[in-house]
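Residue numbers (the numbering used here): 1 to 287. Every residue gets a Cβ at the ideal spot worked out from N, C-alpha and C, and that includes glycine. In this text, all values refer to a predicted model and were calculated from it rather than measured experimentally. See below for the structure under consideration.
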Amino acid sequence: MRGLQALMSGAAGILALAAGAPLRADVVVLGPAKDNTIWEDATGMTANGAGQHLFCGRSGIRGGPPRIRRALIQFDVAGAIPAGSTITAVTVTMNMSKSIAFAQTCTLTRINRDWGEGASDALAEEGDGAQAVPPDATWLHTMYDTAFWPGPGGDFAAAPSASVPVNGVAFYTWGPADGLTADVQAWLDDPASNHGWVLRGNELGLSTSTRWDSREHPEPERRPTLRIEYSAPCEVDYTADGLIDFSDYLEFLVAYDGSSPTADLDKDGDVDLTDYVRFLDLYERGC
Ligand SMILES: [Ca+2]
Ligand SMILES: [Ca+2]
Ligand SMILES: [Ca+2]
């Protein structure tokens with residue numbers, strides 16, 4: 001018998017930690033898993049999967065009608081963050097490297113279905129895109145040339161998750177924003193739902209197009225990044241309130257005294273002193 005009383009009397013020192021500490025926060029910075037641009041195009045032939053730039057906004061009248069461009073971008077959240085973590089802050093940073101447009105708002109909106117990035121690679125300044133290559137997304141296709149959006153132009157959430165004013169060549173950061181945090185949390189909890197965001201600018205004016213650097217840009221520091229702050233799941237937060245405090249210690253003692261599997265912190269099938277020591281260690285470190 002381990003003796004709850006004996007443990008309690010022998011653990012008076014832990015009272016010194018009773019004030020409670022928030023879970024330790026971790027940060028990860030990711031590059032895109034894929035990115036692409038779709039051009040408004042009745043035949044769904046245009047993309048830039050392997051190009052070093054992305055585009056949004058709308059072109060001017062130049063050898064044809066103006067065309068909307070939308071950039072698609074996705075990050076592998078579940079591959080970088082432990083399942084069960086709590087996402088606390090999210091920002092997306094991208095470099096706008098060329099434009100003649102006036103000030104406008106650029107938005108990030110969650111994409112509703114899977115899409116592709118092929119080997120298409122536009123020439124020169126890349127503004128006209130290239131012939132799509134399977135499995136490129138296009139204005140009509142999620143994946144050229146066999147899978148389609150429900151309608152032209154893509155399939156996105158009704159409301160943007162974040163927006164920023166854009167005016168001139170510079171790095172821009174979206175967030176922290178509740179919408180971005182909610183998206184990333186949802187993608188962590190259900191990785192199959194992670195289809196990334198669409199970047200959109202002013203799609204009503206003329207010559208509002210902006211050019212951004214993609215994950216294929218030769219200078220790594222100019223590529224898009226997703227910065228995520230999160231708290232990994234904490235096995236000693238027994239009360240699941242995001243704090244490590246004395247109430248967790250009391251719950252652990254009850255579990256320990258009852259030889260409950262929840263007290264088997266080293267997962268060796270036995271509840272014993274090594275679990276108790278592990279609890280104290282995690283408790284003191286805030287997980
Ligand atoms: Ca790309
Ligand atoms: Ca707790
Ligand atoms: Ca054990």
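For residue j and residue i, the rounded distance between their alpha carbons
| i | j | result |
| --- | --- | --- |
| D245 | A50 | 50 Å |
| V277 | D136 | 53 Å |
| F148 | I111 | 14 Å |
| V271 | E284 | 20 Å |
| I61 | L206 | 8 Å |
| P65 | C56 | 16 Å |
| E221 | V29 | 12 Å |
| R70 | K98 | 15 Å |
| S247 | T86 | 20 Å |
| D257 | D264 | 11 Å |
| T146 | A182 | 31 Å |
| A6 | L253 | A caution first: A6 carries a pLDDT of 48, below 50, which makes its placement in the model too unreliable to give a value. |
| W115 | T239 | 40 Å |
| S259 | V77 | 36 Å |
| G127 | D281 | 56 Å |
| T43 | L140 | 7 Å |
| G151 | A83 | 34 Å |
heavy atom of ligand 1 below 7 Å from residue i C-beta
| i | result |
| --- | --- |
| G49 | yes |
| E216 | yes |
| E235 | no |
| D35 | yes |
| E229 | no |
Cut-off 6 Å between Cβ atoms - residues of its own chain near residue i, not counting five sequence neighbours on either side
| i | result |
| --- | --- |
| P32 | I73, F75, R215 and P224 |
| C287 | L23, R24 and C234 |
Residue i beta carbon near ligand 3 (any heavy atom closer than 7 Å)
| i | result |
| --- | --- |
| D281 | no |
| D329 | For residue 329 there is no data in the structure shown, the boundaries of the chain being 1 and 287. |
| D337 | The chain is shown only over 1 to 287; residue 337 falls outside these bounds and no answer can be derived. |
| D266 | yes |
| D270 | yes |
Contact test: residue i Cβ vs ligand 2 heavy atom, cutoff 7 Å
| i | result |
| --- | --- |
| T239 | yes |
| S247 | yes |
| L243 | yes |
Cross-strand partners of residue i (DSSP beta bridge)
| i | result |
| --- | --- |
| K267 | The partner list for K267 (beta bridge, DSSP) is empty, contrary to what the question assumes. |
| F171 | N95 |
| G57 | R69 |
| V29 | R227 |
| D35 | I73 |
| A192 | Note: A192 sits in no beta bridge, so no partner. |
Contact set for residue i: own chain, Cβ-Cβ below 7 Å, skip 5 residues either direction
| i | result |
| --- | --- |
| G129 | T37, W39, T46, A47, N48 and A122 |
Close-in-space but distant-in-sequence residues of the same chain around residue i (CB under 8 Å, 5 per side omitted)
| i | result |
| --- | --- |
| N202 | G57, R58, A101, Q104, T105 and T208 |
| V90 | G175, P176, A177, L180, T181, D183, V184, L226, R227, I228 and E229 |
| G242 | P22, L23, T86 and S231 |
| field | Start-end ranges of the alpha helix (DSSP H) lying completely within the segment 222 to 272, minimum 4 residues | value | Uninterrupted alpha helix (DSSP H) stretches at least 4 residues long and entirely within the segment 222 to 272 occur at 246 to 257, given in chain order.
| said: List, from N- to C-terminal side, the beta strand (DSSP E) runs of 3 residues or more that fit wholly inside the segment 125 to 169. | reply: Segments of the beta strand (DSSP E) lying fully in the segment 125 to 169: 141 to 143 and 162 to 166.
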